[in-house]
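Please read the structure below before turning to the comments.
Residue numbers (this note's numbering): 204 to 477.
Shown next, in the form of structure tokens:
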């Protein structure tokens, strides 16, 4: 069944808020950034009616960055998620999400760089919890768990790193959704991701805070508040040689999000490659 993106968001909110009761009836924020590294992030969302979701309701993102030459970095991400419900409705589902493949382009030493990539529509249709998967990371990585939708990403990034350890950056990224089934009201939808951050990076510690958001540009019949999502973020990592364990906190800001989810905590491990 085809539906608009804003109505899809409403359906997802209803699923997260009501499903447990009725059934009984790559992140931008894993620091530091390295041009040769492998990252593992385990994200634990916080749902309203969360006592009915099991502890193993979580998302896992395995990603990597690999420099090829002086000006190009290949980027990839494999998402995986599990949703489980107890309290009289003992059911769980797992799904491999839509793989991201892309590249970053920038001059050596330049704070500005571009990005281009695609998410392949590999996620299979789920039996029970498809809408819940959307809320694993709805602002930065909604596309990771969207069924029958391919997405094309392009981005402009600016990241300044000063001699005192200060880091400041922003990002603007249009995203094109292409319907490969019957999921969207239109065959193509245009969205945009945006965000800004500031923090401190030293030899063995990194702390960054900021915000990120997304807007559905092509949506008709919805006001700006219905077409946007925002969140605050805080991330910190500590370096143990080439190993950087870290923690991230996401705090949703919009009513469409806060009615369904609370702050989300994730743990990460970055391994810098030689």
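Glycine included, C-beta positions come from ideal geometry on N, C-alpha and C.
Contact set for residue i: own chain, Cβ-Cβ below 7 Å, skip 5 residues either direction
| i | result |
| --- | --- |
| residue 333 | 350 |
| residue 369 | 403 |
| residue 310 | 274 |
N-terminal and C-terminal residue of the beta strand (DSSP E) that residue i is part of
| i | result |
| --- | --- |
| residue 402 | 391-404 |
| residue 322 | 315-322 |
| residue 294 | 294-299 |
| residue 312 | Unbroken run through residue 312: none, as it is neither H nor E. |
Burial state of residue i, where buried means 16 or more other Cβ atoms lie within 10 Å
| i | result |
| --- | --- |
| residue 216 | Annotation note: pLDDT 40 at residue 216 (below 50); position unreliable, no value reported. |
| residue 255 | buried |
| residue 453 | buried |
| residue 441 | exposed |
| residue 420 | exposed |
| residue 225 | At residue 225, the pLDDT of 34 sits below 50, so the modelled position is not reliable; the number obtained from the coordinates is stated separately. Residue 225 should be labelled exposed. |
| residue 390 | exposed |
| residue 222 | Below a pLDDT of 50, predicted positions are generally treated as unreliable, and residue 222, at 34, falls in that range; the measurement from the model is reported next regardless. Looking at its Cβ environment, which holds 16 or more other Cβ atoms inside 10 Å, residue 222 is buried. |
| residue 301 | buried |
| residue 428 | exposed |
| residue 363 | exposed |
| residue 227 | The pLDDT assigned to residue 227 is 34, lower than 50, so where the model puts this residue is not dependable; a value taken from the coordinates is nonetheless given after this. Label assigned to residue 227: exposed. |
| residue 294 | exposed |
| residue 458 | exposed |
| residue 177 | Nothing can be reported for residue 177: it is not among the residues displayed for the chain, which extend from 204 to 477. |
| residue 342 | buried |
Cross-strand partners of residue i (DSSP beta bridge)
| i | result |
| --- | --- |
| residue 382 | 352 |
| residue 469 | 246, 451 |
| residue 417 | 396, 432 |
| residue 464 | 250 |
| residue 325 | In the DSSP output, where bridge partners are listed per residue, residue 325 has none listed. |
| residue 377 | 395 |
| residue 285 | 261, 297 |
| residue 412 | 401, 437 |
Start-to-end residues for the alpha helix (DSSP H) that takes in residue i
| i | result |
| --- | --- |
| residue 271 | Unbroken run through residue 271: none, as it is neither H nor E. |
| residue 461 | 458-461 |
| residue 347 | Neither: residue 347 is in no alpha helix (DSSP H) and is coded neither H nor E. |
| residue 233 | Element bounds for residue 233: n/a, residue is neither H nor E. |
| residue 334 | 333-337 |
Residue i vs residue j beta-carbon contact at 8 Å
| i | j | result |
| --- | --- | --- |
| residue 358 | residue 344 | no |
| residue 319 | residue 305 | yes |
| residue 416 | residue 433 | yes |
| residue 240 | residue 473 | yes |
| residue 265 | residue 281 | yes |
| residue 356 | residue 335 | no |
| residue 467 | residue 249 | yes |
| residue 411 | residue 383 | no |
| residue 339 | residue 376 | no |
| residue 387 | residue 413 | no |
Sequence-distant residues of the same chain with beta carbon closer than 6 Å to residue i, five excluded per side
| i | result |
| --- | --- |
| residue 289 | 257 |
| residue 328 | 350 |
| residue 475 | 237, 240, 445 |
| residue 204 | With a pLDDT of only 40 at residue 204, under the threshold of 50, the placement of this residue in the model should not be trusted; the figure read from the coordinates follows. Answer for residue 204: no residue qualifies. |
| residue 365 | none |
Chain-order list of residues whose beta-carbon lies under 8 Å from that of residue i (same chain, five-residue window excluded)
| i | result |
| --- | --- |
| residue 449 | 233, 234, 409, 438, 439, 440, 441, 470, 471, 472, 473 |
Interface flag, residue i vs chain D, CB-CB below 8 Å
| i | result |
| --- | --- |
| residue 286 | The structure shown has no chain D; it contains just one protein chain. |
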